[in-house]
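Reviewing the structure listed below.
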Amino acid sequence: MTTHQAIILSEINSPLTLATVPTPTPQSGQVLIKVLASPILAYYRAILTGKLPYPLPFPFTPGASPIGRIEVLGSDTTTLKPGQLVYVDLNVRARDDPLKEQGTAILQGLFGGITPQARILSENDWRHGSWAEKQIVPLENVHVLDESLLLQQMGYSPARLTWINTLLVPYGGLLSGALQPGETVIVCFATGHFGGAAIDVALAMGAGRVVAVGRRMSSLEKIQDGYPKGKVVGVATESVDETSLKDALRKATPRGLGADLFLDLTPASAAEGQKWIHVPSAISALKANGRAVLMGGASDSVTLSYSELMTRNITVKGTLCSTELLLRS
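The opening residue of the sequence shown carries number 1 in full-length UniProt numbering; numbering runs sequentially from there.
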């Protein structure tokens with residue numbers, strides 16, 4: 001019997017332990033990867049200590065979305081090959097619930113699901129995450145990376161490539177909002193984990209300017225300084241009301257004409273005491289035909305102007321590009 005080492009959490013708020021465990025043989029629909037690097041999410045401590053009460057399948061190995069190499073393939077694999085460098089998506093969805101009507105989805109190594117059907121996924125084949133030398137993952141979650149380009153030509157390490165997991169979240173939102181080259185994007189809150197990544201993704205997709213929203217201008221000034229002048233403009237929400245925030249956001253756009261797209265990635269904790277005023281303010285700061293994409297963790301109602309949405313042809317849509325994004329909030 002072959003074995004490998006893995007980190008095990010036996011119960012909530014207990015010490016992590018390093019153990020030698022059997023290495024599974026992949027079955028149909030599975031791939032065994034050798035883990036090269038795995039991200040440590042900023043909120044993992046809160047999950048493993050119970051501060052964020054995520055359902056978890058104890059005992060289990062934590063760890064999400066690794067960069068790895070394919071080691072062994074299941075019997076129904078047709079194009080993947082051993083040795084390929086891959087990124088693994090953590091979102092595991094039930095294959096017999098294609099419309100997601102039963103909520104049968106988990107985050108492998110992070111969230112065990114909220115329905116009995118989802119628990120079947122997390123408590124059986126997809127129990128263990130990537131804080132291990134080896135990991136069994138779903139065949140459809142394996143995405144081959146261009147190793148020659150990324151590692152050899154561009155000089156990235158597998159550890160650096162784990163940032164893909166973060167970048168994909170705002171990328172999904174910007175794609176959903178149909179961002180076009182040269183457009184102006186409002187990002188709330190741009191000082192957070194996903195919001196900060198949204199700035200880089202938006203500019204990489206061709207955005208002409210990003211209006212970065214945060215609570216304090218001191219933090220936003222540091223962000224602005226990291227980009228060419230005028231590409232990122234900060235707007236603080238501290239000590240402002242809805243109307244003055246709208247005016248400040250519009251003023252921060254080129255010629256004060258307004259933004260084309262608003263991407264909200266705000267976790268619930270970031271809007272405490274502000275009653276989510278940044279959402280209607282940012283929508284009011286959009287140009288006619290503007291789009292708003294909501295991907296944050298709001299649990300309260302948000303009031304929007306019916307007449308403004310209608311007369312200015314504003315599109316507002318919710319986008320769940322990564323279950324992880326809302327669950328972390």
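Here a beta-carbon is modelled for each residue, glycine too, at the ideal position from N, C-alpha and C.
Item, Value
"Spatial distance of Ser14 from Leu52 (CA atoms)", "15 angstroms"
"Cα-Cα separation between Pro66 and Thr319, rounded to whole angstroms", "24 angstroms"
"Pro138 - partner residues in DSSP beta bridges", "Gln30"
"Separation of Ile40 from Glu11, as counted between CA atoms", "19 angstroms"
"Inter-stretch contact (C-beta, 8 angstroms, three-pair minimum) for the region 132-142 and the region 111-119", "no"
"DSSP state of residue 343 mapped onto helix, strand, coil", "In the structure as shown, the chain starts at 1 and stops at 329, and residue 343 therefore has no counterpart that could be examined."
"Nearest-angstrom Cα separation, counted from Leu16 out to Leu143", "The question names Leu, yet the displayed sequence has His at residue 143. Cα-Cα distance, rounded: 29 angstroms."
"Segments assigned alpha helix (DSSP H), at least 4 residues, entirely inside the UniProt domain \"Alcohol dehydrogenase-like C-terminal\" (195-323)", "217-224, 242-251, 278-284 and 306-311"
"Met217 and Gly196 closer than 9 angstroms at C-beta", "no"
"Status (buried if at least 16 other CB within 10 Å, exposed otherwise) for residue 364", "Residue 364 cannot be examined here, being either before or after the span of the chain that is shown, 1 to 329."
"Backbone CA spacing between Thr166 and Thr61 [nearest angstrom]", "21 angstroms"
"Collapsed DSSP secondary structure at His128 in the structure displayed", "coil"
"Which of helix, strand or coil DSSP assigns to Pro158", "helix"
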